[in-house]
Amino acid sequence: MPEWELPVAQARVDRAASSGLSTSLLSVPGAVGAEAAGFVATGEVMGCVVQRLGWGSGIGITPTQQLSMYGDVMRTGYRVALERLRAEARAINADGVLGIQLSVTHLDETLREFVALGTAVRALSAQRPGFVFTTELSGPDAGKLVQAGWVPATVVIGVGAHTTYDYNLQYQTTVWAGNTEVDAHTKLVTDIRARARAEFREAVRASGADGAIVSRMTLDSWPLGEVGVAGLASVFGTAVARFHAEAAVPTSALTVLPLQSKEKP
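If you read the sequence shown in the numbering used here, its first letter stands for residue 144, the second for the next number, and so on.
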């Protein structure tokens, strides 16, 4: 295991290797879907890291610089958590991780805990992937993906963080403003979502995949005095690669289960 791995994580990996038992976070439909895609669960895996926001007291640092640092913390935290999850999966001889749940917990004003949790799976076929894939997709969704000629490659994340100032904000948010568009907020959410999507696309391109499936998008914003607003947007998904050019992968499984008997009564 890597030098960073805590003894408790190493012990979890050792237990999985010695006991012969496998644990799973997949539901029953999820496990069935994973088997339909050609994978069997080998154990639950986790990666985590606690990151500190680096601006300290904030003296001499502008809100825009703080947001840039915050975005870097988010990127680094998720990346390291996923790397450690993948390392655990590799240690128990898995080929990939399904149903990954990514979360961030505020421990205090400057500390953030990033966690990646999922179920490691192994290919049932003799031909196995050359790398440990990761995906937020569930077992059934992964099964549908494989049947359509695609395979999951890696979890990809895009982050956008920025600030906007507009003196009209103080007038557009008063109780007398009525139903009106708040220009600063519109500009901000449009900007940070565009930045997050652009970073997401670049991450997919850098992975060498053929496309991606977006799992979820998040958005958070907060005021900066009376005339400013800050925000952070994220896009999460799975980069996917094409392995079959036809509309559907050939399969011997029945698409319709006949209920009547072949023998006439």
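The beta carbon of each residue, even a glycine, is placed where N, CA and C say it ideally should be.
- Judged by DSSP in its simplified three-state form, ILE335 adopts helix.
- Note: ALA263 is bridge-paired with GLY186 and VAL240 in the DSSP secondary-structure output.
- In this structure, GLY220 places its C-beta atom within 8 Å of the C-beta atom of GLN194.
- If you ignore the 5 residues before and after SER268, its C-beta comes within less than 8 Å of the C-beta of GLY181, all in its own chain and listed in chain order.
- Per the C-alpha coordinates, the member of ARG338, ARG344, VAL357 and VAL383 positioned closest to SER211 is ARG338.
- Between ASP309 and VAL370 a beta carbon distance of about 6 Å is seen, short of the 8 Å cut, so the two are scored as contacting.
- Straight through space, the alpha carbons of TRP365 and THR253 are spaced by roughly 17 Å.
- Under the criterion of beta carbons closer than 8 Å, LEU288 and GLY261 do not qualify as touching, at roughly 16 Å.
- A residue is called buried when at least 16 other Cβ atoms come within 10 angstroms of its Cβ; HIS305 meets this threshold and is buried.
- The shortest C-alpha to C-alpha distance from VAL258 to any of GLU226, PRO295, SER377 and GLY282 is the one to GLU226.
- Note on geometry: alpha-carbon atoms of ILE235 and VAL275 lie some 11 Å from one another.
- Taking a C-beta distance under 8 Å as the contact criterion, GLY176 and GLY286 qualify as a contact pair.
- SER161 sits in a helix when the DSSP states are folded into three classes.
- Here the alpha carbon of ARG265 sits roughly 28 Å from the alpha carbon of GLY301.
- VAL332 is positioned such that its CB atom lies no closer than 8 Å to that of GLY368.
- For GLU231 against MET189, the beta-carbon gap comes to about 7 Å, under 8 Å, which counts as contact.
- As for any alpha helix (DSSP H) of minimum length 4 sitting wholly inside the segment 268 to 320, the runs are 282 to 290 and 312 to 315, ordered along the chain.
- Of the candidates LYS330, ALA154 and GLN209, the residue whose Cα lies closest to the Cα of LEU312 is LYS330.
- VAL378 sits close to ARG340, with the two beta carbons spaced by under 8 Å.
- Of the residues assessed, VAL171 falls on the exposed side of the cut-off, its CB having fewer than 16 other CB atoms within 10 angstroms.
- For the options ALA376, ALA352, VAL372 and GLY351, the alpha carbon positioned closest to that of LEU362 is the one of ALA376.
- Along the segment 207 to 231, the beta strand (DSSP E) does not occur as any fully enclosed run of 3 or more residues.
- Contact annotation, THR307 with VAL372: C-beta distance approximately 6 Å; criterion of less than 8 Å satisfied.
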